[in-house]
Amino acid sequence: MQAALNPFSPGSGLRPPALVGRERELEALEILVERTRRDLSSRGIVLSGLRGVGKTVLLNEMRNLAEEQGWFVVSLEARPDAAGASSIRRLLGRAVATQARTLARGKAVAATVKEALATITAFNVSLGASGVALGVERAEGRADSGDLEIDLPELVQDLCAALAERGSAFGLFIDEFQDLDSELMRALLVTQHQAGQRGWPFYIVAAGLPNLPRVLTDARSYAERLFDYRTVARLPSEQARAALVDPAGPLGLDFEDRALALLLEASGGYPYFLQEYGRAVWDAAPGPRATVDDARIAIETGLARLDDGFFRSRWDRATRSERRFMVAMATDGDGPSAVGDVARRLNIKATSLGPYRAGLISKGLVYPPEHGMIAYTVPGMDGFVDRHREDL
Ligand SMILES: Nc1ncnc2c1ncn2[C@@H]1O[C@H](COP(=O)(O)OP(=O)(O)O)[C@@H](O)[C@H]1O
Ligand SMILES: [Mg+2]
């Protein structure tokens, strides 16, 4: 089929041609918006799952829905490096300020809006972030103590007072939430907690790795009750099928049953893999009906692309010793592995594994599903490791 018309979209955060199987999660956001409109209390939403299951895409979709409904929306993506800590605070301050300018449009600016702008300005000054002039004096002594657990709630309180007046709400959308530094994470949880108790229309909607719920409850035990936790996983076969068939059909490509079955099996229902194999079969099929041979070729080229991109981009981040750790995990297939077993396979003491384990976790390559256990964050990593043992 014509490459220029290929509808599939393998790539981190790229919106798929058919966003299938996420109706329940999107509905949860719609309910949150509707309840907020009716002044009813709700919880924020936390999405967690492996890499490539479609969390970023879903989070962006939720963000767009909230924005369409008139919410005041700010998006952040956390990063694991410590240098990111001060930059993400400034990003947050700037993003809030930039959005807040839209509140001040028009002739008569409400008193609550002026107060919110003054507080945002004070918050930004205390962070050393400047650049977005809001045209108001900063509110001395408001959101500028330098202690985020005080400043963030004050900022959100003043902003929410202005938003509530116009029936709006503040949605903070955070991707890779597990990578946020613990100080800012705690301050956000404190803020969400206070918002719930005091009726401020403020909701965090976040996405991250499978251990995110645990990271949050470790930061603040009440985090367990603050959010509606949802696991984002691979697609069940009907929906995986739709992810391939729905985009291709209208553009003139359909599938022999056995060809489709092969592609679905190779993808394991993982959205990223479905996009990669979808793209490959489109390119491989000469005619309007993909055959078993087309599917076989597509699986080969699709897998080669996954190896060179999705898998390799992560593998290359690991040091030589960290790679050995990941190879030793592969004995357990897709995992999880007991850390003690990994140590035994490497012939070292479990305690000596600590630094490698920590390094791999901070690089986002593995995560601890429970105490003493370790698992790949990327589905199918064991297969990649098997195919590349010689690269060590
Ligand atoms: N519901 C879905 N149906 C089909 N493809 C999807 C779906 N969600 C995501 N994808 C595709 O999967 C890939 C990974 O999505 P992404 O949101 O980056 O995953 P994650 O953030 O979980 O790593 C992208 O190529 C995207 O187009
Ligand atoms: Mg993502």
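In UniProt numbering, the protein residues as written are 1 to 392.
The beta carbon of each residue, even a glycine, is placed where N, CA and C say it ideally should be.
Give every residue of the same chain whose Cβ lies closer than 7 angstroms to the Cβ of residue i, excluding the five residues on either side of it in the sequence, and list them in chain order.
i      : result
Ala3   : Asp283
Ser9   : Arg15, Pro16, Pro17 and Gln275
Asp294 : Ala259, Val281, Ala284 and Ala285
Arg89  : Leu127 and Leu184
With H, G and I counted as helix, E and B as strand and the rest as coil, what does DSSP make of residue i?
i      : result
Thr217 : helix
Tyr222 : coil
Glu77  : strand
Arg22  : coil
Asp294 : helix
Val385 : helix
Arg357 : helix
Phe255 : strand
Tyr270 : coil
Val136 : coil
Val378 : coil
Thr112 : helix
Gln2   : coil
Go through its chain and collect everything with a Cβ distance to residue i's Cβ below 8 angstroms, but skip five positions before and after it.
i      : result
Tyr222 : Leu189 and His193
Ser168 : Gly70, Trp71, Phe72 and Pro201
Leu353 : Phe325, Val339, Val342, Ala343 and Leu346
Cys160 : Ala169, Phe170, Ala195, Trp200, Pro201 and Phe202
Thinking residue i and residue j are a contact (beta carbons under 8 angstroms), I'd like their distance in whole angstroms, please.
i      : j      : result
Lys114 : Val96  : The pair is not a contact, with the Cβ atoms about 15 angstroms apart (cut-off 8 angstroms).
Ile174 : Ala78  : 6 angstroms
Leu155 : Ile120 : 7 angstroms
Gly372 : Ala338 : 6 angstroms
Val53  : Pro368 : About 19 angstroms; that fails the 8 angstroms criterion.
Just list the residues that DSSP pairs residue i with in beta bridges.
i      : result
Met373 : Ala338
Gly208 : Ser48
Phe170 : Phe72 and Phe202
Asp283 : BP columns for Asp283 are empty, so no partner.
Val231 : In the sequence on display, residue 231 carries Thr and not Val. In DSSP, Thr231 forms a bridge with Ser48.
Asp175 : Glu77
Arg289 : Asp254
Val366 : Tyr376
I'd like the list of long-range same chain contacts for residue i, defined as Cβ closer than 6 angstroms, with 5 residues on each side in sequence excluded.
i      : result
Lys55  : Leu47, Gly49, Ala207 and Val232
Ala139 : Ala118, Thr119 and Ala122
Phe311 : Phe384
Does any residue of chain D bring its CB to less than 7 angstroms from the CB of residue i?
i      : result
Asn211 : No chain D is present in this structure, which holds just one protein chain.
- Query: Whose beta carbon lies closer than 7 angstroms to any heavy atom of ligand 2, going through the chain in order?
  - Reply: Ser12, Gly13, Arg51, Lys55, Thr56, Asp175, Glu176 and Ala207
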